[in-house]
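Its first residue numbered 0, the sequence shown is counted upward by one per residue in numbering that gives the first Met the number 0.
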Amino acid sequence: MPDIIVHNRMGRSVYKKLPKEISAEIDREIYRIGLLGPDPYSHYRFFAFPLRHGINLRMVAMHRTRTCDFLVEMAKFSRKPEMFSYLAGFLCHYALDSTTHPYINKISNNEGYLHMAIEHKLDVIELDKLGLKLSDRAVTRGFYPPFLPESMRRDYETVMKNVYGWKDSWEKFKASYRHHKFFNYIAEDPYGIVDLVLHKAPYALRRGKISVFSYRSRRCDGMTFEEFEKLKKKSVKRAVQMIEAVDDFRNGRISEASLRKIIGDKDYSGVVR
Numbered sequence: 000m001p002d003i004i005v006h007n008r009m010g011r012s013v014y015k016k017l018p019k020e021i022s023a024e025i026d027r028e029i030y031r032i033g034l035l036g037p038d039p040y041s042h043y044r045f046f047a048f049p050l051r052h053g054i055n056l057r058m059v060a061m062h063r064t065r066t067c068d069f070l071v072e073m074a075k076f077s078r079k080p081e082m083f084s085y086l087a088g089f090l091c092h093y094a095l096d097s098t099t100h101p102y103i104n105k106i107s108n109n110e111g112y113l114h115m116a117i118e119h120k121l122d123v124i125e126l127d128k129l130g131l132k133l134s135d136r137a138v139t140r141g142f143y144p145p146f147l148p149e150s151m152r153r154d155y156e157t158v159m160k161n162v163y164g165w166k167d168s169w170e171k172f173k174a175s176y177r178h179h180k181f182f183n184y185i186a187e188d189p190y191g192i193v194d195l196v197l198h199k200a201p202y203a204l205r206r207g208k209i210s211v212f213s214y215r216s217r218r219c220d221g222m223t224f225e226e227f228e229k230l231k232k233k234s235v236k237r238a239v240q241m242i243e244a245v246d247d248f249r250n251g252r253i254s255e256a257s258l259r260k261i262i263g264d265k266d267y268s269g270v271v272r
């Protein structure tokens, strides 16, 4: 999946292309958290593996199962501007992931460590375009807004319970959001110290994701991503289409069946489930 900066910049492109009457209803801070999709769950207590209790696997479940059901369930609560803002961001995340994942899996040969390295590299490319530097901690200082407002708790928990059967979603996601930021605070590695240390780790460890933990990993040096840029533009159009459809649904202009048809039945990897 693409990473934080790429999702954020793609979301900005989508926002600019939305009709004014739709973008006017979107809370930009809530929208930005929605752009992270389900990814924060993956870093729940990453620093304490025995205490993760499977919460980190919620990210996997959301990426692979009941994708359309979840998005439509959120749409049922989207008459409230907060939920609409969050869902709009989430749809951007889904559009970008499902459009670009097959390409990233292909060029990474489905190797998890290389997938992560590509994600980081794409983020660094975006930072360069913005004139931002890892040495200034651009990732964690500029791309993590305050957590979702407490007024969203009940609806968020209801959606998660209805779709996935989870009863403690709000607090777990809140913790995951903090841990996600902490993970990337380490990974952005402003002075390259983390990368230097990890490259001195035992070979068995360096063969896996630990070797590309740092944003400063050079594993992808020399790779080009022209096709990714084309797919990203395609995903922007897809996201705009889905957000407009949700707006039609929340205002009674289309049915749930029509909304489901527009969202489709692909998971975040672009696989039809």
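Think of the CB as a built atom: it goes at the ideal place given N, C-alpha and C, for glycine as much as any other residue.
Note that the structure is predicted; figures quoted are calculated from it, not measured.
Tell me, please, whether the stretch 223-233 touches the stretch 47-58 by the rule of three or more beta-carbon pairs shorter than 8 Å.
No, the stretch 223-233 is not in contact with the stretch 47-58.
Alpha-carbon to alpha-carbon, Cys67 and Phe172
In the sequence shown, the residue the question calls residue 172 occupies position 173. In the sequence shown, the residue the question calls residue 67 occupies position 68. Distance between the alpha carbons of Phe172 and Cys67: 20 Å.
Can you give the Cα-Cα distance for Phe69 and Ser97, rounded to whole angstroms?
For the purposes of this step, residue 69 is taken as the residue at position 70 of the sequence shown. For the purposes of this step, residue 97 is taken as the residue at position 98 of the sequence shown. Roughly 15 Å between the two C-alpha positions.
Within 10 angstroms of its Cβ, does Phe248 collect 16 or more other Cβ (buried), or is it exposed?
Counting from one through the sequence shown, the residue named residue 248 turns up at place 249. That one is buried.
For Ser22, report the span of its alpha helix (DSSP H) as first-last.
By 1-based counting over the sequence shown, the position of residue 22 is 23. For Ser22, the enclosing alpha helix (DSSP H) starts and ends at 19-22.
How would you label Glu118, buried or exposed, when you count the other beta carbons within 10 angstroms and need 16 or more for buried?
Taking the sequence shown and counting its residues from 1, the one referred to as residue 118 is at position 119. That one is buried.
Within the same chain, show all residues whose beta-carbon is closer than 7 Å to that of Val5, passing over the 5 residues directly before and after it, in chain order.
Here residue 5 is taken as the residue at index 6 of the sequence shown, counted from 1. Within the same chain, Val5 has close Cβ partners Leu121, Asp122, Glu125.
Within 10 Å of its beta-carbon, does Thr64 have 16 or more other beta-carbons around it, so buried, or fewer, so exposed?
Looking up residue 64 in the sequence shown gives position 65. Exposed, by the Cβ-count rule.
Rounded C-alpha distance that separates Leu147 from Ile29
Translated into the one-based positions of the sequence shown, residue 147 becomes position 148. Translated into the one-based positions of the sequence shown, residue 29 becomes position 30. Rounded to the nearest angstrom, the two C-alpha atoms are 6 Å apart.
From Tyr93 to Gly36, what distance separates their C-alpha atoms?
If you number the sequence shown from 1, residue 93 lands on position 94. If you number the sequence shown from 1, residue 36 lands on position 37. Rounded to whole angstroms, Tyr93 to Gly36 spans 7 Å at the Cα level.
Coarse secondary structure for Val270, derived from DSSP in three states:
Counting from 1 along the sequence shown, the entry for residue 270 is found at position 271. In the structure shown, Val270 adopts coil according to DSSP, grouped into three states.
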